[in-house]
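Working notes for the structure below.
This is how it looks when you write it as structure tokens:
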């Protein structure tokens with residue numbers, strides 16, 4: 267079976283946890299628990315700014331938001347594209363939050379990299395090897411989501427694809443796998459967390475929003491992920507989920523996100539891990 | 267779609283959490299977190315007593331141990347049968363721990379009930395409706411494990427089968443579902459916990475041993491289960507897992523179980539839930 | 267990994283195909299393709315007789331019909347029980363078709379055996395080992411359905427359970443497995459047919475009704491099963507599927523069943539396999 | 267739920283079967299059964315030519331062969347790239363067989379299109395929407411493989427992505443889905459064939475090589491696919507599978523492929539469908 271080498275923790279002595287600095291003073295991995303939050307799609311300047319300010323106040327260390335959206339149907343909202351990138355840049359300027367956004371195509375990387383601090387590879391593209399190679403040649407951190415039916419072995423080999431091109435700043439994100447169960451959108455593979463933490467030195471985040479597809483399950487699964495050893499979370503937040511153009515059912519409101527942060531904090535405390543924060547001087 | 271009624275939390279006002287008293291002073295469900303522990307199979311009087319004492323000291327509230335084992339192969343060890351029941355009775359007498367053991371056949375219920383405080387229905391029998399009906403007519407508490415490919419809807423309907431026969435003392439146990447992932451024996455469906463807690467008033471336990479099949483994953487998943495709101499755990503413990511006749515790979519040693527208990531305690535504390543304990547006067 | 271021995275084709279020379287005689291002149295396995303048909307549940311004397319006559323005329327060699335039904339909900343129709351057994355006996359007397367019916371409980375075997383020529387073990391009970399052992403001690407042929415999430419290895423080990431008790435008249439039935447796909451009730455594992463034919467000497471049937479859950483898919487999958495090497499089919503037929511008390515959506519009408527038989531016949535012919543038939547003298 | 271429109275058969279009257287002409291005199295879809303065959307990877311000029319001649323003689327209508335290979339590991343053989351394209355062009359010139367080869371990246375389309383008659387989108391890229399859009403803007407036929415865990419709805423929406431860009435020459439290929447079963451590499455979803463033939467007017471092929479991962483299962487599943495109504499097959503053939511650089515276990519030898527063709531022919535005959543053939547004047 268093919269093996270991962272660069273991604274492996276296995277060495278003598280074992281490789282310590284990698285930390286990925288995504289902006290001045292913002293690090294993913296290591297002791298602190300990092301929470302990335304924001305809307306599924308960037309839908310407008312105001313909603314984005316409102317969300318960014320809300321999640322920053324609640325303790326998020328980075329803003330997520332889709333500009334180019336991979337949608338199952340060609341007739342569904344595909345994202346605002348370049349206009350969304352401008353809005354993300356503006357939100358970063360105002361709030362100081364670094365930006366995580368998805369890239370779908372090798373030809374988009376330069377454009378997206380002008381704004382993004384972290385290039386996200388979505389679940390559908392986890393085995394899009396030319397895209398993995400392309401972000402492997404960029405100088406941006408990469409947030410790699412597990413494919414819907416990818417084994418952990420395949421997930422780590424996807425990370426290895428990025429790393430073999432020279433970019434070692436890879437952050438893994440478990441986001442649920444596809445099973446027969448229909449009560450949730452996907453099934454969060456909670457065991458993936460301790461397995462990945464043992465197998466690899468890369469930081470491991472969890473996305474409880476996509477894993478469940480239901481807002482009321484996000485906080486319990488966020489708590490579980492922290493307790494299982496995750497290095498952080500990626501969570502969908504929308505100022506008005508009922509009007510969201512995508513994924514409204516799984517988005518938290520800003521007050522619900524604040525509540526989630528308050529609920530996970532003591533679990534992080536049990537593990538003697540602080541919640542990450544963006545230094546005050548970064549934001550206006 | 268067929269609906270569960272007796273198992274449902276839905277009522278006006280919503281039904282409160284059911285507590286199941288399995289022995290004098292030992293209750294599953296409610297505020298306390300309850301941990302059931304013991305060997306996969308009862309392999310002998312000494313190993314059972316050693317395990318029972320060890321898990322009791324570490325904080326378990328009940329002893330599990332298989333007398334009749336449902337094994338995939340007819341040539342695998344099938345359990346010690348009636349001799350094991352005697353050993354379980356002895357261990358209970360010595361330690362005061364109530365006994366949880368599996369019943370495979372309606373014709374065994376009377377025999378097993380002489381010793382068991384809780385009748386376990388294993389995952390393979392979750393849709394063995396004549397067995398469900400038979401334990402539904404007994405006066406023992408029932409621990410019902412989720413089938414390997416049962417939806418949560420089907421799981422609750424299995425509980426409903428027991429309850430329609432008059433026995434409402436049903437404890438649910440999530441133990442992992444079958445997926446494509448091969449890194450673990452099963453995939454723990456962590457979202458099942460908050461979903462079940464919302465849908466039903468019955469207590470919800472988690473079995474991290476069967477869910478993962480690997481001892482080193484038991485404690486992280488036990489922590490996650492508590493954080494997600496489980497009412498307790500069922501864990502395999504063996505004095506010498508390398509020599510176990512079944513499931514050795516997933517069994518904790520007694521010191522590892524003690525360590526697990528120490529690790530879950532502060533997570534329970536975050537939720538203001540005590541770990542259950544067996545009253546001192548119960549044991550010699 | 268535990269191995270099957272009695273069920274295995276592996277011997278020197280390899281064991282030839284087993285044929286299971288289920289009644290005078292009615293054999294499952296061997297060169298002929300055998301089709302078993304009838305309603306999901308026996309709902310009444312007239313509907314059963316009408317169906318039995320219809321499927322016999324169309325070429326079925328045995329009548330299936332549930333007397334005791336394993337239903338997901340305790341509130342769903344559970345079968346007519348003993349009354350249904352009488353109806354099955356009557357239909358057999360009139361049509362000469364041997365009877366296949368499910369047994370759910372070891373305590374039912376004597377009762378059901380008075381009428382049944384073949385004891386069916388349903389998918390939910392494939393790992394109900396006490397039931398497997400009990401039918402293994404009976405003198406009736408056993409039709410064993412694959413569990414919804416059973417591997418082929420587990421399926422063969424379930425057959426081995428029956429055979430170790432002395433009953434070697436086991437017929438296997440692939441009926442679909444549980445996957446993420448929601449367009450069908452289950453996913454027919456068509457590769458199971460050549461794998462089982464290679465691994466075991468036991469006859470292999472396919473149930474395209476449960477595999478798909480949709481009547482319009484039954485005939486194409488029946489044709490595929492024959493082409494892949496199946497020894498026969500088990501198909502649900504109802505005189506009026508829209509009024510069926512269970513599984514109406516997947517039942518063929520009698521004319522549709524007749525059409526299915528006409529469609530599979532030339533595929534069997536390609537393989538130089540005749541469709542089985544019940545000798546004329548057997549029926550009134 | 268998002269709907270496919272261009273791919274749908276639903277119209278008044280229902281849309282007839284689409285035929286896709288991939289070269290002069292070579293059509294996929296319609297009455298004839300079309301078989302595409304060739305090596306997983308193009309490994310050299312001689313092996314490719316030998317395979318092309320062999321499969322052409324046996325009745326294949328097109329040659330498949332990977333130049334750019336999507337491999338799970340970055341350390342596995344990734345294909346010969348442009349050199350392989352030259353070899354494919356040469357094999358086409360010599361044998362007259364049109365060429366099907368995979369494209370992994372929008373930036374490769376022009377290069378690959380100089381040689382390919384059909385652009386293949388692999389299973390891992392079924393939801394690589396920028397690649398789908400890019401081939402949708404090309405003037406080449408597209409062979410779209412189902413994703414490993416894609417529902418049929420998602421599969422048809424992926425076809426719709428291509429078609430909305432103006433390219434309606436889309437050929438669908440079922441190649442197995444990921445399940446818990448480990449006896450095969452994937453589980454062929456045989457019901458996908460009649461479902462797709464009912465839902466869409468596009469041609470539907472089946473890849474029994476990837477579906478099973480085992481050479482001895484290819485022919486039985488090829489027969490089943492034809493019987494279920496598939497419009498053709500895509501099969502891996504290698505002159506010496508034991509020395510193949512990829513997928514050797516699932517490749518047929520040239521004589522085995524010839525035998526497969528002889529086995530499927532009478533099944534096609536039952537359906538009154540001829541096996542497609544390349545006109546003699548096309549080849550040297």
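Protein chains in written order, with my numbering: chain A, 267 to 550; chain B, 267 to 550; chain C, 267 to 550; chain D, 267 to 550. Just so it is clear, CB atoms sit at the ideal spot from N, CA and C, and this is done for glycine as well.
Q) Excluding the five sequence neighbours on either side, which residues of its own chain have a C-beta within less than 7 angstroms of the C-beta of residue 436 of chain D, listed in chain order? A) Walking along the fourth chain from the start, residue 436 of chain D turns up at place 170. Closer than 7 angstroms at the Cβ level, and outside the excluded window around residue 436 of chain D, lie 408, 410, 425, 428, 429 and 468.
Q: Note down the Cα distance separating residue 388 of chain B from residue 470 of chain C, rounded to an integer number of angstroms.
A: Your numbering for residue 388 of chain B matches position 122 in the second chain. Your numbering for residue 470 of chain C matches position 204 in the third chain. Whole-angstrom Cα-Cα distance: 28 angstroms.
Q: Kindly indicate which three-state DSSP category residue 495 of chain D falls into: helix, strand or coil?
A: On the fourth chain, position 229 is the one that residue 495 of chain D refers to. Note: residue 495 of chain D maps to coil in three-state DSSP.
Q.
Along the chain, where does the alpha helix (DSSP H) containing residue 317 of chain A start, and where does it finish?
A. Against the first chain, residue 317 of chain A aligns to sequence position 51. Unbroken alpha helix (DSSP H) run through residue 317 of chain A: 311 to 324.
Q. Candidates A:459, A:532 and A:405: which alpha carbon is nearest residue 417 of chain A's?
A. Here residue 417 of chain A refers to the residue found at position 151 when the first chain is read from its first residue. Closest by alpha carbon: A:459.
Q.
Counting only Cβ pairs nearer than 7 angstroms, list the residues of chain B close to residue 446 of chain D.
A. Position 180 of the fourth chain, counted from the first residue, corresponds to residue 446 of chain D. Neighbours of residue 446 of chain D on chain B, chain order: 444, 445 and 446.
Q. If you check the beta carbons only, do residue 456 of chain D and residue 490 of chain D fall under 8 angstroms apart?
A. Here the question's residue 456 of chain D lines up with position 190 in the fourth chain. Here the question's residue 490 of chain D lines up with position 224 in the fourth chain. In contact: residue 456 of chain D and residue 490 of chain D (Cβ atoms closer than 8 angstroms).
Q: Taking a Cβ distance cut-off of 7 angstroms, strictly less, list which residues of the region 415 to 431 of chain C are near chain B, in chain order.
A: 415, 420, 423, 426, 427 and 430
**Q.** Top-ranked residue by Cα proximity to residue 285 of chain A, from A:466, A:523, A:323 and A:534
**A.** Position 19 of the first chain, counted from the start, is the residue given in the question as residue 285 of chain A. Residue A:466 is the option with its Cα nearest to residue 285 of chain A.
Q) Hey, is residue 268 of chain B's beta-carbon within less than 8 angstroms of any beta-carbon in chain A? A) By 1-based counting over the second chain, the position of residue 268 of chain B is 2. Because the pLDDT of residue 268 of chain B is 48, which lies under 50, any placement of that residue in the model is unreliable, and the number read from its coordinates should be weighed accordingly. So, not an interface residue.
Q: Using the Cα positions of residue 344 of chain C and residue 403 of chain B, report the straight-line distance between them to the nearest angstrom.
A: Position 78 of the third chain, counted from the first residue, corresponds to residue 344 of chain C. Position 137 of the second chain, counted from the first residue, corresponds to residue 403 of chain B. Going from the Cα of residue 344 of chain C to the Cα of residue 403 of chain B covers about 18 angstroms.
Q.
Give me the chain D residues within the contact set of residue 371 of chain A, using Cβ-Cβ distance strictly less than 7 angstroms, ordered along the chain.
A. Here residue 371 of chain A refers to the residue found at position 105 of the first chain. The answer, in chain order, is 372 and 396.
Q: Identify each residue in the region 304 to 325 of chain B for which the Cβ-Cβ distance to at least one residue of chain C is less than 7 angstroms, and report them in chain order.
A: none
(Q) Am I right that residue 325 of chain C and residue 317 of chain C are in contact with their C-beta atoms under 8 angstroms? What's the rounded C-beta distance? (A) Residue mapping note: residue 325 of chain C aligns to position 59 of the third chain, counting from 1. Residue mapping note: residue 317 of chain C aligns to position 51 of the third chain, counting from 1. About 14 angstroms; that fails the 8 angstroms criterion.
Q: Could you work out which residues of chain D lie near residue 332 of chain C, taking near to mean beta carbons separated by less than 9 angstroms?
A: For the purposes of this step, residue 332 of chain C is taken as the residue at position 66 of the third chain. What residue 332 of chain C touches in chain D: nothing, since even the nearest Cβ is about 24 angstroms away.
Q: Count the C-beta pairs between the region 376 to 395 of chain C and the region 318 to 337 of chain C that are closer than 8 angstroms, then say yes if the count reaches three, no if not.
A: yes
Q. Between which two residues does the alpha helix (DSSP H) containing residue 464 of chain C stretch?
A. For this step, residue 464 of chain C is matched to residue 198 along the third chain. Element bounds for residue 464 of chain C: 458 to 465.
Q) Which parts of the region 325 to 380 of chain A are runs of the alpha helix (DSSP H), unbroken and 4 residues or longer, counting only runs that do not cross its ends? A) 348 to 361 and 375 to 379
Q: Select from C:509, C:494, C:520 and C:504 the residue whose C-alpha is nearest the C-alpha of residue 299 of chain C.
A: If you number the third chain from 1, residue 299 of chain C lands on position 33. When only C-alpha atoms are compared, the closest one is C:494.
Q. Comparing alpha-carbon positions, which option in A:272, A:499 and A:419 lies nearest residue 542 of chain A?
A. As a first step, residue 542 of chain A is located in the first chain; it is residue number 276 there, counting from the start. Checking every option, the nearest Cα to that of residue 542 of chain A belongs to A:499.
Q | Alpha-carbon spacing of residue 399 of chain A relative to residue 513 of chain A, whole angstroms | A | On the first chain, position 133 is the one that residue 399 of chain A refers to. On the first chain, position 247 is the one that residue 513 of chain A refers to. Residue 399 of chain A and residue 513 of chain A: Cα-Cα distance of roughly 29 angstroms.
Q. Can you list the residues of chain B that residue 290 of chain A reaches, using a CB-CB cut of under 7 angstroms?
A. For the purposes of this step, residue 290 of chain A is taken as the residue at position 24 of the first chain. In chain order: nothing, as chain B lies at least about 32 angstroms away.
**Q.** Own chain partners of residue 395 of chain C with C-beta closer than 7 angstroms, once the 5 adjacent residues on each side are dropped
**A.** Within the third chain, the letter at position 129 stands for residue 395 of chain C. Correct list, in chain order: 427.
Q: Using a Cβ cut-off of 8 angstroms (strictly closer), state whether residue 367 of chain D contacts chain A.
A: Numbered from its first residue, the fourth chain carries residue 367 of chain D at position 101. No, residue 367 of chain D lies away from the interface with chain A (no Cβ there is under 8 angstroms from its Cβ).
(Q) Among the candidates C:283, C:302, C:334 and C:348, whose CA atom is the shortest distance from the CA of residue 524 of chain C? (A) As a working mapping, residue 524 of chain C is identified with position 258 in the third chain. When only C-alpha atoms are compared, the closest one is C:302.
Q: Within its chain, find whatever has a CB closer than 7 angstroms to the CB of residue 463 of chain D; leave out the 5 residues flanking it on each side and keep chain order.
A: The residue you call residue 463 of chain D lines up with position 197 of the fourth chain. Closer than 7 angstroms at Cβ, skipping near neighbours: 470 and 495.
Q: For chain A, find out if any of its Cβ atoms is closer than 8 angstroms to the Cβ of residue 473 of chain B; answer yes or no.
A: On the second chain, position 207 is the one that residue 473 of chain B refers to. Judged by the 8 angstroms Cβ criterion, residue 473 of chain B is not in contact with chain A.
Q. Once you ignore the five residues that flank residue 540 of chain D on each side, which residues in its own chain have a CB closer than 6 angstroms to its CB?
A. By one-based count along the fourth chain, residue 540 of chain D stands at place 274. Once the five neighbours on either side are set aside, the close Cβ partners of residue 540 of chain D are 298.
Q.
Which complete beta strand (DSSP E) runs does the region 414 to 450 of chain B hold, if anything under 3 residues is left out?
A. 436 to 440
(Q) With distance defined between alpha-carbon atoms, name the residue in B:421, B:531 and B:292 nearest to residue 270 of chain B. (A) Reading the second chain from its first residue, position 4 is the one you call residue 270 of chain B. Checking every option, the nearest Cα to that of residue 270 of chain B belongs to B:421.
Q | alpha helix (DSSP H) segment containing residue 475 of chain D, residue limits | A | Walking along the fourth chain from the start, residue 475 of chain D turns up at place 209. Unbroken alpha helix (DSSP H) run through residue 475 of chain D: 474 to 478.
**Q.** Pairwise C-alpha distance: residue 482 of chain D and residue 278 of chain C
**A.** Residue 278 of chain C sits at position 12 when you count from the first residue of the third chain. Residue 482 of chain D sits at position 216 when you count from the first residue of the fourth chain. Distance between the alpha carbons of residue 278 of chain C and residue 482 of chain D is about 21 angstroms.
(Q) Residues in the same chain with beta-carbon distance under 7 angstroms from residue 444 of chain B, minus the five sequence neighbours each way, listed in chain order, please. (A) Here residue 444 of chain B is taken as the residue at index 178 of the second chain, counted from 1. Cβ neighbours of residue 444 of chain B beyond the five flanking positions: 414, 415 and 452.
Q) Thinking C-alpha only, which one of D:272, D:296, D:274 and D:320 is nearest residue 518 of chain D? A) Working through the fourth chain from its first residue, we reach residue 518 of chain D at position 252. Selected option, being the one with the closest Cα: D:320.
Q) With distances taken from CA atoms, which of A:405, A:449, A:314 and A:477 is nearest residue 439 of chain A? A) Counting from 1 along the first chain, the entry for residue 439 of chain A is found at position 173. Ranking the options by Cα distance to residue 439 of chain A, first place goes to A:477.
Q.
Counting only Cβ pairs nearer than 7 angstroms, list the residues of chain A close to residue 478 of chain B.
A. Translated into positions along the second chain, residue 478 of chain B becomes position 212. By Cβ distance, chain A contributes 457.
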